[in-house]
Structure formats: structure tokens, C-alpha cells
Amino acid sequence: MVGSAAIMTQLALADIRAAASSITGTVLRTPTMPALSLSRRLDIELLLKLDHLQPTGAFKLRGAANAIGKLPAETAGVTCCSTGNHGRAVAFAARARGLRAVICMSELVPKTKVEGIRALGAEVRIIGRSQDDAQVESSRLVAEEGLVEIPPFDDLAVIAGQGTIALEMLADRPDIRTLLVPLSGGGLAAGVAFAAKAIDPSIKVVGISMDQGAAMHESLKAGRPVAVTEVVSLADSLGGGIGVKNRHTFALCREYLDDVLLVTEEEIYDAMQALYYEERLVAEGACVVGIAALMAGKLPSPEGPTATIITGRNVDMAVFNDVVAGKDVQLGDRTIKGRSYSHG
Ligand SMILES: *Cc1c(COP(=O)(O)O)cnc(C)c1O
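The sequence shown maps to residues 266 to 609 in my numbering.
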């Protein structure tokens, strides 16, 4: 296929190996933990890549550190308009390189998020009442002050950085047969699937998203990048579009993912409880979509050791406490009915 040949020339396993060496010192090399209790419960061998242990609380530090590491030392600074895990990653990675970081956000962003980004050493610029206004300011900083915008997923250096997760996992456990990857913009899934299949083409890589507002899933179905309506989800880090002018992640996910599965909010709720009670881990809803798919039987008898990535721990603690206490959770105009965890 002409398309796949074009993709192959853009990203190589060597780029991911180079990223691994470039990000050392800023990014932690995280463990791949056998989840003994969940394995017993699910009757499979389940491994968890604990990337929520990164200093910023999420794997996105890998991609940001790799992209920022490639900039020349005389770069005026970096910018982005993410208030979530990507914004934290850009702030932290820029400080590690001694570069200025300006994170643009709207005045609707909660104070705790603003403080969190400031505490990581970045300047915060509060502009307007929407993410679009914040994006305008970020673009102005690029055009007028020479800052470099660091994209959250659709960038080859970011994708290569996220792909280092697969190198570490397969170094620890070369016997992994199935990888379940939380999927939003697809930087993580593209990097991990590309690297894993470059090492062992027979590994199965499955992307998982929530069942409403799953931009990559809708785009793959349509055969081109499409916009989706955003829906409030327990997996809040999986929200957002892939960009209708997507350059890399759509093609890479189409080429390298074996499948994409969707899980409901109820299934995410149950899996958050399971990860907490069985493995005692506090993690975001986005991390448990793979476990949710297994618990719901959406991946019938996966072959061999199966691994998923615990991608972040920046969970809203009020929501987390309600979930593990078995209380109702309000998501926009939807109510997820509370239920207690049934211990195996
Ligand atoms: C960004 C993010 C994801 C999804 O990564 P993409 O590269 O956008 O697909 C998953 N989990 C967490 C915690 C994230 O912050």
C-alpha cells in the first residue's frame, strides 16, 4: 500500500529509541506490575504499566519532553493551551530544559488547575471565556514572540515519546501478547502500537475509548478525521477531537491498531472501583478503559499476558471518592447510578 509506505518513512523504531535516551532524567522509567488480584478475578494474566507515577501524574510528560528536547537552546520558549495533563507536561519539561513556558487558558478554568500549572514553573495566561480564545493567544505568542507550540498528540516527536512506553514494557515482559491502550487523540496509541509491532509484529494492540464522543473511533469508522460532540465522561482525559486536519495519528492508528473497543460510563465506574479495591491504585477514569473492556467481556479470551497502561492519576478526588464509595455520579445531565463493589 502506498499509504503505509509513506507512514513507515515518517516514523522509525530508531526515533523511539532516540526518544527513550533523550527523555531520561526528566521522565521516570516506570514499572510493569503484575496485577495479581485483578488477574485472578478476570482469569487472565494482566500487567499494569504504572505510568501514572510520572512526576506530573501522567504519561504525557514523555511526548512533551521529547518534543521540547529537540528544540534549539536559543528557543524563546514554548506554549500550549491545555489545562490538563498536556499542560502540566509542557510546564515541567520546559522547566527541566530551562525554557520559558506560557500555558494559555480561559477564565473558566478552575483555580486549582491554574495553581497546579504555576507550581510546575510555567507562566499562566488567562484569556477570554473559552478554549478557542486561549488558542488565539497561544497562536499569537507563536507569531509575535517566537514561542513554539507543543501539540498534545499530532506530532511525530510527541508520538515517539509516547512510544517509549512500549519499549519499557517489552523490555520488562517480552512475552506480552495483547496491549490495551486508552485512546483519545491517538498519540499514545500510535506510538505504542508502532513501537510494539516494530519489535514484534504478532502483538495485538487494541485502542479503547468511552462510548460517546470517541473522536478517533468515529474518524476510523468514517475513513477520515471527523469532529465529534464532546460529552462529559468519567474518562475526562479521553475527551476532545483529533483535529479535522489531523496529520499523523489518524493514519498511524488506522495502520497499526488491530481494533478499537468502546466502554460505557457504567463499565468505567466499575473498573475504577476494581482497580482501587483489587490493586489499591488511585487513577483517572481514562486509565481503566482497558480493564473495563476485560471486565465487560468485550475482549473474549485475549491471548497470553495482557497489559494495559495506567496513564494518569490527576483524578478529581471528589468524583473518585464518590465512585469508590459506590455513590451516584453526575456527568452533565446523566446520572451514573451508584453501586458497591462486589469483592471477588
Ligand atoms: C492524554 C491522555 C490519554 C490519551 O492519550 P492520546 O494520545 O490523546 O490518545 C489517556 N490517558 C490520560 C490520563 C491522558 O492524559
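Where is the CB? At the ideal position from N, CA and C, for every residue including glycine.
At a cut-off of 8 Å, is residue i close to ligand 1 when judged by its beta-carbon and the heavy atoms of the ligand?
| i | result |
| --- | --- |
| Gln427 | yes |
| Ser449 | yes |
| Lys325 | yes |
| Glu520 | no |
| Ala551 | yes |
| Lys454 | Residue 454 is actually Ala in this sequence, not Lys. Yes. |
| Ser607 | no |
| Ser502 | yes |
| Met481 | yes |
| Thr514 | yes |
| Pro416 | no |
| Thr576 | yes |
| Gly259 | Any answer about residue 259 is impossible in this case: the structure gives the chain only from 266 up to 609. |
| Asn579 | yes |
Alpha helix (DSSP H) containing residue i: first to last residue?
| i | result |
| --- | --- |
| Ile556 | 554-560 |
| Asp524 | Taken as a continuous stretch (DSSP letters only), Asp524 belongs to no alpha helix (DSSP H), being part of the beta strand (DSSP E) at 524-528. |
| Ala436 | 421-437 |
| Ile382 | 376-384 |
| Lys486 | 480-487 |
Can you tell which of the options has the C-alpha that lies nearest to the C-alpha of residue i?
| i | options | result |
| --- | --- | --- |
| Ala558 | Leu517, Leu307, Ala283, Ala284 | Leu307 |
| Leu517 | Pro375, Ser347, Ser404, Lys462 | Lys462 |
| Gly426 | Ala487, Ile468, His317, Thr289 | Thr289 |
| Gly334 | Ala354, Met298, Gly597, Gly555 | Ala354 |
| Ser566 | Met298, Pro296, Leu311 | Leu311 |
| Gln538 | Thr321, Gly550, Leu435 | Gly550 |
| Gly478 | Ala454, Arg512, Thr529 | Thr529 |
| Thr344 | Leu412, Leu421, Ile281, Ala422 | Leu412 |
| Arg360 | Leu421, Arg578, Thr321, Ser484 | Thr321 |
| Leu444 | Thr571, Val292, Arg294 | Thr571 |
| Val423 | Ser302, Val580, Phe324, Val496 | Phe324 |
| Val580 | Asp598, Glu531, Ile601, Ser502 | Ser502 |
| Leu278 | Thr600, Thr494, Val457 | Val457 |
| Pro416 | Gly428, Ser403, Glu410 | Ser403 |
| Leu448 | Glu483, Gly591, Arg489, Asp280 | Glu483 |
| Arg512 | Gly451, Ala548, Thr494, Glu433 | Gly451 |
| Leu406 | Ala583, Arg390, Met582, Leu421 | Arg390 |
| Ala583 | Ala561, Asp598, Val547, Met560 | Val547 |
| Pro466 | Arg442, Gly363, Leu303 | Arg442 |
| Arg305 | Thr600, Asp598, Met560 | Met560 |
| Gly363 | Lys376, Ala384, Ala341, Gly381 | Ala341 |
| Arg282 | Glu433, Arg365, Asp598, Glu520 | Glu433 |
| Gln275 | Ile473, Ala384, Ala455, Gly597 | Ala455 |
Which same chain residues, not among the five before or five after residue i, have their C-beta less than 8 Å away from its C-beta?
| i | result |
| --- | --- |
| Asp587 | Asp593, Val594, Gly603 |
| Val401 | Ile392, Gly393 |
| Ile533 | Met475, Ser498, Leu499, Ala500, Gly550, Val553, Val554, Ala557 |
| Ala492 | Ala480, Gly506, Val509 |
| Arg438 | Thr297, Leu312, Pro570, Ala572 |
| Val589 | Met537, Gln538, Tyr541, Tyr542, Tyr606 |
| Gly591 | Gln538, Gly603, Arg604, Ser605, Tyr606 |
| Arg519 | Leu485 |
According to the neighbour-count rule (16 or more other Cβ atoms, all chains shown, within 10 Å of its Cβ), is residue i buried or exposed?
| i | result |
| --- | --- |
| Met372 | At residue 372 the sequence reads Glu, which differs from the Met that was named. Classification for Glu372: exposed. |
| Gly386 | exposed |
| Val367 | buried |
| Ala270 | Caution applies to Ala270, whose pLDDT of 47 falls short of 50 and renders its modelled position unreliable; the model cannot decide the point. |
| Glu339 | exposed |
| Gly328 | buried |
| Asp280 | buried |
| Lys486 | exposed |
| Leu301 | exposed |
| Pro337 | exposed |
| Ala332 | buried |
| Met578 | The sequence given here places Arg at residue 578; Met does not occur at that position. Buried is the call here. |
| Ala356 | buried |
| Lys314 | buried |
| Val267 | The pLDDT assigned to Val267 is 45, lower than 50, so where the model puts this residue is not dependable, and the model offers no usable value. |
Quick one: residues in its chain with C-beta nearer than 7 Å to the C-beta of residue i, no 5 flanking neighbours on either side, listed in chain order?
| i | result |
| --- | --- |
| Val374 | Thr348 |
| Met273 | Low per-residue confidence applies at Met273: pLDDT is 48, beneath 50, and the placement is therefore not dependable enough to give any value. |
| Ser395 | Ser371 |
| Tyr625 | It is not possible to answer for residue 625, since the shown part of the chain is limited to 266 through 609. |
| Asp523 | Lys469, Val470, Val471 |
| Lys378 | Thr348 |
| Asp316 | Thr295, Phe324, Ile430, Ile574, Ile575, Thr576 |
| Glu531 | Ile601 |
Can you give me the Cβ contacts of residue i inside the same chain, cut-off strictly under 6 Å, excluding the 5 residues immediately before and after it?
| i | result |
| --- | --- |
| Lys563 | Leu526 |
| Ile464 | Leu435 |
| Ala431 | Val457, Ala460, Ala461 |
| Ser287 | Asn331, Gly334 |
| Pro490 | Ser484, Ile507, Val509, Asn511, Phe515 |
| Gly597 | Val497 |
Which residues mark the beginning and the end of the beta strand (DSSP E) in which residue i is found?
| i | result |
| --- | --- |
| Val389 | 388-391 |
| Val343 | 343-345 |
| Thr443 | 443-447 |
| Leu406 | Note, Leu406: premise wrong, no beta strand (DSSP E); alpha helix (DSSP H) at 396-410. |
| Leu315 | 311-315 |
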